[in-house]
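Notes follow the structure.
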Amino acid sequence: MMASCGSNPFFSKFDTPFGVPPFDKIKNEHYLPAFEKGIAEHDAEIAAIIANPETPNFQNTVQAYDRSGELLNRVVLTFSGVNEAETNDEMQAIAQTIYPKLTEHMDNISLNDELFKRVKTVYDNRNKENLTDEQMRVLDKLYKSFTRSGALLSAADKDALREINKELSALSLQFGTNVLAETNAFELVIDDEKDLAGLPADIVASAAAEAASRGYDGKWVFTLSASSRIPFLQYADNRDLREKLYKAYVMRGDNDNANDNKEIVSKMVNLRLQKAKLMGYKSYADFVLEDRMAKTDAAVNNLLGSIWKCALPRAKEELKDMQAVIDSEGGKFKLAAWDWWYYAEKVRKAKYDLNEEELKPYFSLDNVL
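Under the working numbering, the first residue of the sequence shown is numbered 5, with each subsequent residue one higher.
Next up, the structure:
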């Protein structure tokens, strides 16, 4: 059901500490009307900038653009945050509906010739206005964002870019949906208390609560969420179960089932290359890195190479320390990926008498805040 304007929390200022979203009042039914209203308002604000009869300057073009889309931005930030942290089928359906519209909306802005003409006029005349360093930086970033979004392309290339962006948006959304489906589908159900050996009491209690919420009374459930997965890999003595949990995590989207992402990744890589070449770059890495500190993929590889020279010997030392623990305990195996957290914890304990569980009381939520 569509929420009325009066009852939609997005349609008024958030009367909360620091203006954070009132999550207790926001319902799923509020998002689509808010997205639609936000897009309509943003379109009107952009149209007003273009229709302004005054000569384009920083205030009536750049500043006006920067202040546009307030409602839409508020909805996007809220929805994306909740969808990442606590999604459900209804939220995913909203994402499937609205994200293609958002992609089209942003392309309509970034590829708008009349709007870019105004921005370019301000950029070309930037030394004639008495702009502060901060304003110069904002103007420079805005101009580059338009050019990097295809504002200088021909009409035909703009149409091609729109299609690439549209397909990339859909593929990216499907990729995330598949990973989430794989994550949610997995559960490690333990019914033998001996398989909990090594796990701290609070982790065991959380697993029991998770099991109860899933209808497994008297059992324990571990999932692929970080708060469940990492403690299990770090403390659980049962190596076979550590392997099962680890492999389930790293194989998400690679199980040749309905949630498989291999074909999606292949399509995304090819589309990104098409986009990069359309924009005049030899690779997508060059396109992405141009406005980053590294600038080029060669610079990134040089940095990684210099780090690798120092990191690899240290990693080998850590592996040697962990293998020594395995051997001292009579283990007849070589350290594997699913052993790393477990034996790293043992090495810390042996070398430094450090137990991360003992640190937890000092990092309660109130203390951290």
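Ideal Cβ placement from N, Cα and C applies to all residues, glycine included.
Could you pull out every residue in the same chain whose Cβ sits closer than 8 Å to the Cβ of I50, ignoring the five residues on either side in sequence? When the five nearest sequence neighbours on each side are left out, the beta carbons in the same chain lying within less than 8 Å of the beta carbon of I50 are those of Y69, S72, I113, N116, L119, in order along the chain.
Quick one: grab the DSSP three-state call for C9. Confidence at C9 is low in this model, with a pLDDT of 48, below 50, so the placement of that residue should be treated as unreliable; the coordinate-derived value is given next. DSSP places C9 in helix when its eight states are reduced to three.
Just to confirm, are F190 and L157 a CB contact at a threshold of 7 Å? Cβ distance not < 7 Å, so F190 and L157 don't count as in contact.
Tell me which residues share the same chain as L192 and place their Cβ nearer than 6 Å to its Cβ, disregarding the 5 neighbours each side in the sequence. Close CB contacts of L192 within its chain, under the 6 Å cut and outside five residues either way in sequence, are with F226, L249 (chain order).
Helix, strand or coil at I54 according to DSSP, with G and I counted as helix: In the three-state reduction of the DSSP assignment, I54 falls in the helix class, which pools H, G and I.
Residue from A38, L277, V329, P204 with nearest C-alpha to S232: Of the residues A38, L277, V329, P204, the one whose Cα lies closest to the Cα of S232 is P204.
According to the Cβ coordinates, are W224 and A215 closer than 7 Å? Going by C-beta atoms, W224 is nearer than 7 Å to A215.
Environment of G85 [buried if 16+ CB atoms lie within 10 Å]: Exposed, because fewer than 16 other Cβ atoms sit within 10 Å of the Cβ of G85.
Rounded separation between R122 and V142 - CA only: Spanning the two alpha carbons is a distance of roughly 15 Å.
Would you report the Cα separation of A240 and Y346, rounded to the nearest angstrom? Annotation: A240 to Y346 spans about 7 Å, alpha carbon to alpha carbon.
Check L1 in the structure and name its three-state DSSP category. Since the first and last residues shown for the chain are 5 and 373, residue 1 lies out of range.
V225 in three-state terms, based on DSSP: In the structure shown, V225 falls within a strand segment according to DSSP collapsed to helix, strand and coil.
Does the Cβ of G154 have 16 or more other Cβ atoms within 10 Å, making it buried, or fewer, making it exposed? For G154, the number of other beta carbons within 10 angstroms of its own is at least 16, and it is reported as buried.
Can you check the segment 279 to 304 for any alpha helix (DSSP H) of at least 4 residues that lies completely inside it and give the ranges in chain order? List check, alpha helix (DSSP H) in window: 288 to 293.
Helix, strand or coil for T136? Go by DSSP, reduced to three states. DSSP, read as helix, strand or coil, puts T136 in coil.
What does the alpha-carbon distance come out to for the pair V208 and K251? Within the model, the alpha-carbon separation for V208 versus K251 is close to 21 Å.
Could you check if A340 is buried or exposed, using at least 16 other CB atoms within 10 Å of its CB as the buried criterion? Around the beta-carbon of A340, fewer than 16 other beta-carbon atoms lie within 10 Å, marking it exposed.
In whole angstroms, what is the alpha-carbon distance linking K29 and L308? If you draw a straight line from the Cα of K29 to the Cα of L308, it is about 46 Å long.
Given Y46 as reference, the closest of N56, Y35, E74 once Cα atoms are compared: Checking the sequence shown, residue 46 turns out to be His, not Tyr. Of N56, Y35, E74, the residue nearest in Cα terms is E74.
Do L76 and I43 have their C-beta atoms within less than 7 Å of each other? Yes, these two residues count as a Cβ contact at 7 Å.
In the structure shown, what three-state DSSP assignment does N182 receive? In the structure shown, N182 falls within a helical segment according to DSSP collapsed to helix, strand and coil.
Euclidean distance between Cα positions of T82 and M326: It is roughly 43 Å from the alpha-carbon of T82 to the alpha-carbon of M326.
Using the Cβ count rule (16 or more neighbours within 10 Å means buried), how would you classify V66? Buried.
Between the alpha carbons of P317 and S310, how many angstroms are there, rounded? Rounded to the nearest angstrom, the gap between the Cα atoms of P317 and S310 is 12 Å.
Helix or strand or just coil, what does DSSP make of T91? DSSP places T91 outside both helix and strand once states are collapsed to three, so it counts as coil.
Burial state of N283 (16 or more Cβ within 10 Å): The residue asked about is misnamed: residue 283 is Met in this sequence, not Asn. So M283 ends up on the buried side.
At what residues does the alpha helix (DSSP H) containing W344 begin and finish? Taken as a continuous stretch (DSSP letters only), the alpha helix (DSSP H) holding W344 covers 344 to 356.
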